[in-house]
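Asker: Residues in the sequence shown are numbered from 6 upward in steps of one, following the numbering used here.
Every residue, glycine too, gets a C-beta built ideally from N, C-alpha and C.
None of these values were measured; they are calculated from a predicted model.
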Amino acid sequence: MAKNNKQKNNKETSSKNSYSVSKLKTETMHSIWAILFFVLAVFLLMSMFDKAGVAGQFFYEILNYLLGVGYILLPILFILLGSSFLKSETPNIGLTRALSGSMFLLSSLGMIDIVSFEHAGGFLGRILSTPLVSLFDVYASLIFLGAILLISILVMFDVKLNIISTFKNLWSSITRKKSTDDTQEDSANKLTATEMKEVEKSLPLENEQESVKEKIKKALEIKKDEEEEDMPIRKRKGGLISTYVHPPLSLLEEDQGKPNTGDIKANANIIKRTLANFGIEVEMDEITVGPTVTRYALKPAEGVKLSRIVGLQNDLALSLAAHPIRIEAPIPGKSLVGIEIPNKSKSIVGLATLLSDSKFQNSPKPLTIALGRGISGKAMFGNLAKMPH
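(1) Excluding sequence positions up to five away, which residues of its chain have a Cβ less than 7 Å from the Cβ of residue 298?
(2) Take every Cβ of the region 78-85, pair it with every Cβ of the region 32-49, and state whether three or more of those distances are shorter than 8 Å.
(3) Use the C-beta contact count for residue 59: other C-beta atoms within 10 angstroms, 16 or more gives buried, fewer gives exposed.
(4) Are the Cβ atoms of residue 276 and residue 324 separated by less than 9 Å?
(5) Express the C-alpha separation of residue 373 and residue 307 in angstroms, rounding to a whole number.
(6) Short check: CB of residue 305 to CB of residue 286, under 9 Å?
(7) I'd like the list of long-range same chain contacts for residue 359, defined as Cβ closer than 6 Å, with 5 residues on each side in sequence excluded.
(8) Taking residue 326 as the reference, which of 367, 368, 294, 279 has the closest Cα?
(9) Grab me the residues of residue 363's own chain with a C-beta within less than 8 Å of its C-beta, minus the 5 sequence neighbours each way, in chain order.
(10) CA-CA distance, residue 350 and residue 317?
(11) If the criterion is Cβ atoms closer than 9 Å, does the pair residue 105 and residue 53 meet it?
(12) Buried or exposed: where does residue 89 fall if 16 or more other Cβ atoms within 10 Å of its Cβ makes it buried?
(13) Going along the chain, which residues of its own chain have a beta-carbon closer than 6 Å to the beta-carbon of residue 367, five neighbours each way excluded?
(14) DSSP state of residue 126, grouped into three classes?
(15) What number of angstroms, rounded off, separates the C-alpha of residue 330 from the C-alpha of residue 293?
(16) For a test of the three-state rule: what should DSSP assign to residue 252, helix, strand or coil?
(17) Keeping to the same chain, check which residues put their C-beta closer than 7 Å to that of residue 92; ignore five residues upstream and five downstream.
(18) Quick one: which unbroken alpha helix (DSSP H) runs of 4-plus residues sit fully inside the region 309-343? Chain order, please.
(19) What is the C-beta distance between residue 354 and residue 377, in whole angstroms, given that I count them as a contact (C-beta under 8 Å)?
(20) What's the C-alpha gap between residue 322 and residue 272?
(21) So residue 301 is in the alpha helix (DSSP H); what residue range does that whole segment cover?
(22) Per DSSP, which residues does residue 353 bridge with? Please list them.
(23) Compute the distance between the beta-carbons of residue 127 and residue 116, then report whether it is under 9 Å.
(24) What span of residues does the alpha helix (DSSP H) with residue 59 cover, start to end?
(25) From 35, 274, 314, pick the residue whose C-alpha is nearest to that of residue 283; which is it?
(26) When DSSP builds the beta bridges, which residues end up paired with residue 347?
(27) Report the residue from 101, 75, 295 whose alpha carbon sits nearest the alpha carbon of residue 264.
(28) May I have the straight-line CA-CA distance separating residue 302 from residue 269, to the nearest angstrom?
(29) Are the beta-carbon atoms of residue 75 and residue 114 separated by less than 9 Å?
(30) Work out the CA separation of residue 64 and residue 110 for me, nearest whole Å.
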């Protein structure tokens, strides 16, 4: 019996020792593999800069032919593999790491070769990308190779993709914050049980029901005022505290429709011919299309009085079959005469488009108002403070 017990104890001790040794061997082997990969990464980087002697130059020429520009990926791959060995505690992961590393390298070379269009992925990248592009075209091939690259990184570090859970946590935090704000807003108009008891105690028994309601209402107003004092300041403008939030511009209408001017060249010729019939020679200049009218600018010959052109307003309206027309003589800031003709179809100027203009949004004047659009289609604004009122 004693002999059997001794044998059992020896077996248990040996099994424990073997377990600890095997565990030590796994950790040690992972550390050794990590060191080897880190050293290889440094060696390849030194070879690229011709700092590793004849052997380094030999390996660099071979790998540069095979990998092309993707040579730089090899040191990166070895650093990733070394890091994955240090991170993992699972035994027998050499085959998994080798497979994931090969997937990482080949998919990267294929993507480089496809994107560069000059076979920058070396011999291996060309072998991989040529059949893929011929079968699936460029974009589908890039999607497939990108998926393989992502899978190789997940396998290498034994991690999972947490995009879905991240969005789920983000949504839950948003809804939680909203419910908390609603609860705080409701509590602003409610008295706690202790506060209600204090109000009831302060009321004499002979008071009527109306006086009770008035005192409770006053207590509610006091509590609401205290909570409003504790509210954070949302906005400061002009030295004043404000919690006002402007309504969105989506409530307003935007510009609708496009102006239809008709035949611009024909109208310009009619204006010139009509004035010539009355002995007024003019030279047509710029034509400006606005939301409701189109302005034809013209330069009269020397010695022509502007009053003669203004006096022909009705004759021009008859010739153009347009009523009413407006003659601007001269155009402010220019030595030209403007004839404004109504458009056949007008464009409706929306207030939302005007208020979203950068000139209105960035205006330092608090009483800036939108007036509309000028003849050139430019947004016009005014300062209400400077207007007579």
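Answerer: According to the data block:
(1) Here residue 298 corresponds to residue number 293 of the sequence shown, with the count starting at 1. These residues qualify, in order along the chain: 345, 346, 347, 348, 380.
(2) yes
(3) To locate residue 59, count along the sequence shown from 1; it is residue 54. Label assigned to residue 59: exposed.
(4) On the sequence shown, residue 276 is found 271 positions in, with the first residue counted as 1. On the sequence shown, residue 324 is found 319 positions in, with the first residue counted as 1. Their beta carbons are under 9 Å apart, which means residue 276 touches residue 324 by this criterion.
(5) If you number the sequence shown from 1, residue 307 lands on position 302. If you number the sequence shown from 1, residue 373 lands on position 368. Taking the straight line joining both Cα atoms gives about 43 Å.
(6) Along the sequence shown, read from residue 1 onward, the residue named residue 305 stands at position 300. Along the sequence shown, read from residue 1 onward, the residue named residue 286 stands at position 281. Cβ distance < 9 Å, so residue 305 and residue 286 count as in contact.
(7) Numbered from its first residue, the sequence shown carries residue 359 at position 354. Only 375, 384 meet the Cβ criterion.
(8) Taking the first residue of the sequence shown as position 1, residue 326 is located at position 321. The shortest Cα separation from residue 326 among 367, 368, 294, 279 belongs to 279.
(9) Reading the sequence shown from its first residue, position 358 is the one you call residue 363. Here the set comprises nothing.
(10) The sequence position of residue 350 within the sequence shown is 345, counting from 1. The sequence position of residue 317 within the sequence shown is 312, counting from 1. Between residue 350 and residue 317, the C-alpha separation is close to 25 Å.
(11) As a first step, residue 105 is located in the sequence shown; it is residue number 100 there, counting from the start. As a first step, residue 53 is located in the sequence shown; it is residue number 48 there, counting from the start. Contact flag unset, no.
(12) Residue mapping note: residue 89 aligns to position 84 of the sequence shown, counting from 1. It is buried - the Cβ of residue 89 has at least 16 other Cβ atoms within 10 Å.
(13) For the purposes of this step, residue 367 is taken as the residue at position 362 of the sequence shown. None.
(14) Here residue 126 corresponds to residue number 121 of the sequence shown, with the count starting at 1. In the structure shown, residue 126 sits in coil (DSSP, three-state: anything other than H, G, I, E or B).
(15) The residue given as residue 330 occupies position 325 in the sequence shown. The residue given as residue 293 occupies position 288 in the sequence shown. So the alpha carbons of these two residues sit roughly 15 Å apart.
(16) Numbered from its first residue, the sequence shown carries residue 252 at position 247. Looking at residue 252 - three-state DSSP - the assignment turns out to be coil, as it is neither helix nor strand.
(17) The count along the sequence shown starts at 1 and reaches residue 92 at position 87. Excluding sequence neighbours, residue 92 sits near 162.
(18) 311-316, 318-325
(19) Numbered from 1 along the sequence shown, position 349 holds the residue referred to as residue 354. Numbered from 1 along the sequence shown, position 372 holds the residue referred to as residue 377. Confirmed, about 5 Å.
(20) Working through the sequence shown from its first residue, we reach residue 322 at position 317. Working through the sequence shown from its first residue, we reach residue 272 at position 267. About 11 Å.
(21) What you label residue 301 is simply residue 296 of the sequence shown in a count that begins at 1. First-last for residue 301: 298-305, but that is the beta strand (DSSP E), not the alpha helix (DSSP H).
(22) Mapped onto the sequence shown, residue 353 falls at position 348. The partner list for residue 353 (beta bridge, DSSP) reads 261.
(23) Here residue 127 refers to the residue found at position 122 of the sequence shown. Here residue 116 refers to the residue found at position 111 of the sequence shown. It is not a contact, given that the beta carbons lie outside the stated cut-off.
(24) Residue numbering aside, residue 59 sits at position 54 when the sequence shown is read from its first letter. Start and end: 58-72.
(25) Here residue 283 is taken as the residue at index 278 of the sequence shown, counted from 1. Considering only alpha carbons, the answer is 314.
(26) As a first step, residue 347 is located in the sequence shown; it is residue number 342 there, counting from the start. For residue 347, which the question treats as bridged, DSSP gives the partners 298.
(27) Taking the first residue of the sequence shown as 1, we reach residue 264 at position 259. Comparing Cα positions, the closest option is 295.
(28) Taking the sequence shown and counting its residues from 1, the one referred to as residue 302 is at position 297. Taking the sequence shown and counting its residues from 1, the one referred to as residue 269 is at position 264. Their backbone Cα atoms lie some 12 Å apart in a straight line.
(29) Residue 75 sits at position 70 when you count from the first residue of the sequence shown. Residue 114 sits at position 109 when you count from the first residue of the sequence shown. Against a cut-off of 9 Å, the Cβ pair of residue 114 and residue 75 comes out as a contact.
(30) The residue given as residue 110 occupies position 105 in the sequence shown. The residue given as residue 64 occupies position 59 in the sequence shown. Looking at the two C-alpha atoms, the distance is approximately 17 Å.
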